[in-house]
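Student:
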Amino acid sequence: MSSSRWYRTSPPAKLNLFLEILSRREDGFHELDTVMTAIDWRDELWVQHVAQPGVRLQVDWSPDRASVAKAMQVSEDDALLHVPTDERNLVVRALQRLTDALNLEGGWDVRLHKQIPSGAGMGGASSDAAAALRLGFRAAAEIQPDKIAGVDRRLLTGIAAEIGSDVPFFLGISEDDSSAEAARATGRGEKLSFFSLANPLHAVVIFPAASVSTPAVYSRCTVPEKPRSSVNFVRALQGMGGESRFNMHNALQGPACGLSSRIDPPLKWLSDAGLTDCQMTGSGSACFALASSSQHAANVAETLRSTFPGGALIRSVVSCVVPSEIHIA
Ligand code: C5P
1 MSSSRWYRTS PPAKLNLFLE ILSRREDGFH ELDTVMTAID WRDELWVQHV AQPGVRLQVD
61 WSPDRASVAK AMQVSEDDAL LHVPTDERNL VVRALQRLTD ALNLEGGWDV RLHKQIPSGA
121 GMGGASSDAA AALRLGFRAA AEIQPDKIAG VDRRLLTGIA AEIGSDVPFF LGISEDDSSA
181 EAARATGRGE KLSFFSLANP LHAVVIFPAA SVSTPAVYSR CTVPEKPRSS VNFVRALQGM
241 GGESRFNMHN ALQGPACGLS SRIDPPLKWL SDAGLTDCQM TGSGSACFAL ASSSQHAANV
301 AETLRSTFPG GALIRSVVSC VVPSEIHIA
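Here the sequence shown is numbered in the UniProt record's numbering, starting from 1 and rising by one per residue.
This is the structure:
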């Protein structure tokens with residue numbers, strides 16, 4: 001049995017406010033201590049259950065590929081604008097895994113409007129995958145309720161962790177009952193403590209249209225003898241004192257800058273614009289800086305857009321306090 005209903009949601013991006021490497025594991029991953037917040041830079045994802053097995057994914061850029069290419073000063077054929085539509089896309093993998101785990105009949109038609117740049121360290125692909133799990137589960141509950149009966153929602157968390165280190169974070173912050181927009185993540189990123197920020201964070205984000213390989217960045221990082229802990233940083237974000245909330249850190253920034261010369265300049269532009277609390281997010285290449293208010297962030301973003309000498313996407317953003325709702329049509 002299939003449904004003609006489309007389930008839609010708007011997966012958010014994230015920024016890593018703190019990222020420390022604790023150790024290198026035997027499986028090739030690294031133990032981390034990282035703090036992430038979701039931001040209001042979102043993709044849009046539609047999922048429909050259909051009788052035909054398999055996952056068919058259509059991707060387009062919103063507003064459109066030409067204007068995104070122009071903003072980044074890359075060609076429309078640039079690899080940065082090509083999001084795979086086969087199993088390399090985490091959305092496809094997520095729905096395949098969900099279908100198998102729930103033993104569902106039929107398959108999925110999926111549409112993805114990209115706004116979050118890929119290869120940016122903003123978690124766009126992971127967030128899309130988490131959203132696909134939520135939408136797929138919701139659709140399955142309606143059309144094949146017998147397959148869902150007795151299934152623990154922790155099944156989704158397990159699938160999320162298998163798909164990618166950042167996927168559990170996006171699944172957690174988007175839960176219907178979540179009021180948190182941030183989390184401390186340890187392990188390889190899947191052990192999460194969610195929390196609410198005492199104040200919304202306003203930031204300017206620059207994507208310098210550089211592609212850096214995540215495994216390459218991790219392979220260049222060194223494990224510090226005395227890793228920093230995010231405990232006081234988290235307390236400060238929660239408004240409970242401790243370390244200054246502006247004491248941000250990203251242990252992957254040095255290795256990423258060694259791989260691409262396009263990461264240092266945006267960091268300099270941000271600090272020249274007076275935003276000194278700036279760093280790269282995740283494994284890059286997007287960089288961001290904290291601003292004192294939404295107006296401040298909007299003003300700096302506007303100034304940088306008019307003076308930026310190279311290609312880039314520049315936006316002012318705010319940490320998300322609203323879970324990404326599911327709409328049904
Ligand atoms: O989990 P994900 O697929 O996002 O990881 C991509 C790559 O990043 C891994 O293959 C690994 O090289 C590196 N990584 C890591 N330690 C982590 C997360 C990612 O070394 N905690």
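The beta carbon of each residue, even a glycine, is placed where N, CA and C say it ideally should be. Remember, it's a predicted structure, so these values are computed and weren't measured experimentally.
What residues match up with F18 in a beta bridge as DSSP calls it?
Tutor: The sequence position of residue 18 within the sequence shown is 18, counting from 1. Answer is V35 and H249.
Student: Could you please give me the residues that DSSP links to G119 through a beta bridge?
Tutor: As a first step, residue 119 must be located in the sequence shown, where it is residue number 119. In the DSSP output, where bridge partners are listed per residue, G119 has none listed.
Student: Name the two residues that bound the continuous beta strand (DSSP E) containing I314.
Tutor: The residue labelled residue 314 in the question sits at position 314 within the sequence shown. Looking at the DSSP string, the run of the beta strand (DSSP E) that includes I314 is L313 to V318.
Student: Decide if R184 is buried, meaning its Cβ has at least 16 other Cβ atoms within 10 Å, or exposed.
Tutor: Reading the sequence shown from its first residue, position 184 is the one you call residue 184. Answer is buried; the Cβ neighbour count reaches 16.
Student: Assign E302 to one of three DSSP states: helix, strand, or coil.
Tutor: As a position in the sequence shown, residue 302 is number 302, starting the count at 1. Of the three classes helix, strand and coil, the one that applies to E302 here is helix, per DSSP.
Student: Would you report the Cα separation of S219 and L90, rounded to the nearest angstrom?
Tutor: If you number the sequence shown from 1, residue 219 lands on position 219. If you number the sequence shown from 1, residue 90 lands on position 90. Distance between the alpha carbons of S219 and L90: 22 Å.
Student: By a C-beta neighbour count over all protein chains shown, 10 Å radius and 16 as the cutoff for buried, is S193 buried or exposed?
Tutor: In the sequence shown, the residue the question calls residue 193 occupies position 193. With fewer than 16 other Cβ atoms within 10 Å, it is exposed.
Student: Smallest Cα separation from N16: which of F288, V300 and P84?
Tutor: Counting from 1 along the sequence shown, the entry for residue 16 is found at position 16. Considering only alpha carbons, the answer is F288.
Student: How far does the beta strand (DSSP E) with M280 in it extend, from its first residue to its last?
Tutor: Along the sequence shown, read from residue 1 onward, the residue named residue 280 stands at position 280. Residues C278 to M280.
Student: Let me know the secondary structure DSSP gives I326 once reduced to three states.
Tutor: By 1-based counting over the sequence shown, the position of residue 326 is 326. Here I326 sits in coil by DSSP.
Student: For Q144, which residues in the same chain have their Cβ closer than 8 Å to its Cβ, ignoring the five residues on either side in sequence?
Tutor: Translated into the one-based positions of the sequence shown, residue 144 becomes position 144. Once the five neighbours on either side are set aside, the close Cβ partners of Q144 are M1, L102, L104 and E105.
Student: Could you tell me whether any non-hydrogen atom of ligand 1 is closer than 7 Å to the CB of L112?
Tutor: Within the sequence shown, residue 112 is the residue found at index 112, counting from 1. No - ligand 1 has no heavy atom lying nearer than 7 Å to the Cβ of L112.
Student: Would you check whether ligand 3 has a heavy atom nearer than 7 Å to the C-beta of P215?
Tutor: As for ligand 3, it is missing from this structure, which binds only ligand 1.
Student: Does the distance from the CB of A180 to the CB of F195 come in under 8 Å?
Tutor: In the sequence shown, the residue the question calls residue 180 occupies position 180. In the sequence shown, the residue the question calls residue 195 occupies position 195. For A180 and F195, yes; Cβs fall inside 8 Å.
Student: Helix, strand or coil: which one does DSSP assign to Q96?
Tutor: Translated into the one-based positions of the sequence shown, residue 96 becomes position 96. If DSSP states are grouped into helix, strand and coil, Q96 belongs with the helices.
Student: Spatial neighbours of G241 within its chain, please: C-beta separation below 8 Å, excluding the five flanking residues on both sides.
Tutor: If you number the sequence shown from 1, residue 241 lands on position 241. Within the same chain, G241 has close Cβ partners R235.
Student: Could you tell me whether the region 73 to 84 touches the region 36 to 43, where touching means 3 or more Cβ pairs closer than 8 Å?
Tutor: In short, these stretches do not touch, since the Cβ pair count stays below three.
Student: Quick check: the region 303 to 314 against the region 198 to 210, are there 3 or more CB pairs under 8 Å?
Tutor: Yes, the region 303 to 314 is in contact with the region 198 to 210.
Student: Could you say which of S4, R5, A13 and S283 lies nearest to residue 331 if we only look at CA atoms?
Tutor: Since the displayed the chain opens at 1 and closes at 329, residue 331 lies outside it and no answer follows.
Student: CA-CA distance, L290 and R262?
Tutor: As a first step, residue 290 must be located in the sequence shown, where it is residue number 290. As a first step, residue 262 must be located in the sequence shown, where it is residue number 262. About 20 Å.
Student: Is it true that the CB of A131 sits closer than 8 Å to the CB of L45?
Tutor: In the sequence shown, the residue the question calls residue 45 occupies position 45. In the sequence shown, the residue the question calls residue 131 occupies position 131. Contact: yes.
Student: Relative to the alpha-carbon of I163, which residue among L133, R138, Q52 and D64 has its alpha-carbon at the smallest distance?
Tutor: Translated into positions along the sequence shown, residue 163 becomes position 163. Minimum Cα distance to I163 is reached at L133.
Student: For a quick check, are the C-beta atoms of G124 and V212 less than 8 Å apart?
Tutor: Mapped onto the sequence shown, residue 124 falls at position 124. Mapped onto the sequence shown, residue 212 falls at position 212. No. Outside cutoff.
Student: Using only the alpha-carbon positions, how far apart do S293 and L171 sit?
Tutor: Residue numbering aside, residue 293 sits at position 293 when the sequence shown is read from its first letter. Residue numbering aside, residue 171 sits at position 171 when the sequence shown is read from its first letter. About 28 Å.
Student: Do G54 and G107 have their CB atoms nearer than 8 Å?
Tutor: Residue 54 sits at position 54 when you count from the first residue of the sequence shown. Residue 107 sits at position 107 when you count from the first residue of the sequence shown. Cβ distance < 8 Å, so G54 and G107 count as in contact.
Student: Counting along the chain, where does the beta strand (DSSP E) carrying D86 start and finish?
Tutor: Within the sequence shown, residue 86 is the residue found at index 86, counting from 1. Counting along the chain, D86 falls outside any beta strand (DSSP E), and DSSP gives it neither H nor E.
Student: Evaluate I328 with the Cβ neighbour count: other Cβ atoms within 10 Å of its Cβ, from every protein chain shown; 16 or more gives buried, anything less gives exposed.
Tutor: Working through the sequence shown from its first residue, we reach residue 328 at position 328. Exposed, because fewer than 16 other Cβ atoms sit within 10 Å of the Cβ of I328.
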